[in-house]
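Novice: Following this message is one structure expressed as structure tokens.
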Ligand code: NAD
Ligand code: ZN
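In the numbering used here, the protein residues as written are -19 to 361.
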């Protein structure tokens, strides 16, 4: 390609400081270094985690360095590859991932976990393996969110954090497998291992929660109770497979008590997809004594949840899920395949399609509870 080895000038939505709207800027994207791939980002979802990192920086989330390019739920096309990259070539369709899969560490080789820590500290600090970012604006380094930064027309990612997907996959749909849908679906089928004929409660019916409902339905759970304080989410949740939907605001007692009564003793599986410590506690307490499992998918970094020891002592299990338990690079192409075979919904999560210039509107739609997922097109408009 004509751009190989060159700095690419393109547009990005830059977060100059916490709690301020993003600003559309021209940025420079440097060529990839060893084991890095530069991709043309075609489409990106806007996830709650992007919102939290911007608006809860330093409170619920650790304070990351700014300026920052957010975005981590994307799909694109390889533009060029750096030295020593063997698995990718220009033109490949890809999904960048905030969770690596290095193939080499004990976690990647084993079957117990998907947590691979390759380049971890750097990715958390917003830089690549050499300690710098490939994006700059007005001569200043711009940090890369979780090593991805998809609110930019081009980005550079490590080759261990990139999944190659089938050429026929529609990028404006499969981008959702870069985070939200994979996380919620995996929380149910992979981490929670929800069983046939079980009773489930899903707390929070955003994209992650709806994907969890989809996972519970896929394994043929008997009862799937959606819980949300926004009743506008209920219709869609029922389309995804929720059998009942309840609003904590409609009751004058804690929602866990309502669920325990509704299910004669508690749900078999509770999936927390909100990201709030008090809801995490409620989710655990809504599970059945002796055998209930609570899976936490909601993301918060600095907060603590309170757990009554007796609840655990009496045989409940509390689990967390990062990226739905999927081994990122290896499993995402399989999820794409499932979508292509119509065994997994994606289109139904998309409530809005906007351009990069409208990114702040996409944040507002998510924060106001008006969208499930907005897909941002990175093409010039
Ligand atoms: P979202 O904002 O679209 O959905 C959250 C839902 O929770 C909304 O429908 C909201 O009305 C509901 N809610 C808020 N307060 C509630 C309450 N008190 N009781 C019940 N429902 C309540 O968010 P999303 O994009 O679906 O993400 C959900 C969570 O998952 C976030 O915390 C996000 O950071 C996290 N997440 C985790 C991972 C992971 O790897 N574990 C990956 C992606 C996202
Ligand atoms: Zn996300």
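Built from N, CA and C at the ideal position, the CB exists for glycine as well.
1) Which residues in the same chain as residue 71 place their Cβ atom closer than 8 Å to its Cβ, once the five residues preceding and following it in sequence are excluded?
2) Using DSSP bridges, identify the partner residues of residue 183.
3) Using the three-state DSSP reduction, which class does residue 28 fall into: helix, strand or coil?
4) Within a Cβ cutoff of 7 Å, which residues of the same chain sit near residue 139, ignoring the five residues on either side of it in sequence?
5) List the residues that DSSP assigns as beta-bridge partners of residue 369.
6) Where do the N-terminal and C-terminal ends of the alpha helix (DSSP H) with residue 88 fall, by residue?
7) Distance, Cα to Cα, residue 105 vs residue 113?
8) Given a cut-off of 8 Å on the beta-carbon distance, is the pair residue 223 and residue 203 in contact?
9) With respect to the alpha helix (DSSP H) encompassing residue 137, which residues constitute its N-terminal and C-terminal limits?
10) What's the call for residue 294, buried or exposed, on a 16-neighbour Cβ count within 10 Å?
11) Can you tell me whether residue 79 is helix, strand or coil according to DSSP?
12) For the stretch 196 to 247, list the alpha helix (DSSP H) runs that are entirely contained and at least 4 residues long, ordered along the chain.
13) Could you pull the DSSP bridge partners for residue 274 from this structure?
14) Excluding the 5 residues preceding and the 5 following residue 318 in the sequence, name in chain order all residues of the same chain whose CB lies nearer than 6 Å to its CB.
15) Which residues mark the beginning and the end of the alpha helix (DSSP H) in which residue 311 is found?
16) Smallest Cα separation from residue -6: which of 209, 91, 338, 289?
17) Tell me whether residue 155 is buried or exposed, calling it buried when 16 or more other Cβ atoms sit within 10 Å of its Cβ.
18) So, is residue 152 buried or exposed, given that buried needs 16 or more other C-beta atoms within 10 angstroms?
19) With distances taken from each beta carbon to the nearest heavy atom of ligand 2, which residues come in below 6 Å, in chain order?
20) Within 10 angstroms of its Cβ, does residue -3 collect 16 or more other Cβ (buried), or is it exposed?
21) In the DSSP assignment, what residue or residues form a beta bridge with residue 123?
22) Would residue -18 be called buried (16 or more neighbouring beta carbons within 10 Å of its own) or exposed?
23) Could you tell me the alpha carbon to alpha carbon distance between residue 45 and residue 123, rounded to whole angstroms?
24) Whose C-beta lies closer than 8 Å to the C-beta of residue 82 among residues of the same chain, with five residues either side of it excluded?
25) Can you tell me where the alpha helix (DSSP H) with residue 336 in it begins and where it stops?
26) When DSSP labels each residue in this structure, what does residue 142 get in the three-state scheme?
27) Just mark residue 360 as buried or exposed, buried being the case when its beta carbon has 16 or more other beta carbons within 10 Å.
28) Evaluate residue 241 with the Cβ neighbour count: other Cβ atoms within 10 Å of its Cβ, from every protein chain shown; 16 or more gives buried, anything less gives exposed.
29) Cβ of residue 342 within 8 Å of Cβ of residue 356?
30) For residue 357, would you say it is in contact with chain B, using Cβ-to-Cβ distances shorter than 8 Å as the test?
31) Does the pairing of the stretch 224 to 236 with the stretch 197 to 216 give three or more beta-carbon distances under 8 Å?
32) For residue 348, verify whether its CB is less than 7 Å away from any heavy atom of ligand 1.
33) Examine ligand 1 and report whether any of its heavy atoms sits within less than 7 Å of the Cβ of residue 302.
34) CB-CB under 8 Å to residue -13, same chain, minus the five flanking residues each way: which ones, in chain order?
35) DSSP three-state call for residue 6: helix, strand or coil?
36) Over what stretch of residues does the beta strand (DSSP E) that includes residue 374 continue unbroken?
Specialist: With the given structure in hand:
1) 57, 58
2) 207, 252
3) helix
4) 15, 16, 17, 65, 67, 68
5) Since the first residue shown for the chain is -19 and the last is 361, residue 369 is missing from the structure and cannot be characterised.
6) 86 to 89
7) 10 Å
8) yes
9) That residue, residue 137, is in no alpha helix (DSSP H); its beta strand (DSSP E) goes 134 to 138.
10) exposed
11) coil
12) 214 to 220, 235 to 242
13) 250, 298
14) 324
15) 308 to 320
16) 338
17) buried
18) buried
19) 27, 29, 52, 53, 159, 160
20) exposed
21) 48
22) exposed
23) 7 Å
24) 88, 96, 98, 140
25) Element bounds for residue 336: n/a, residue is neither H nor E.
26) strand
27) exposed
28) exposed
29) yes
30) Absent here is chain B; the protein component of the structure consists of one chain.
31) yes
32) no
33) yes
34) 8, 9, 10, 11
35) strand
36) The displayed coordinates of the chain run from -19 to 361. Any statement about residue 374 would go beyond what the structure contains.
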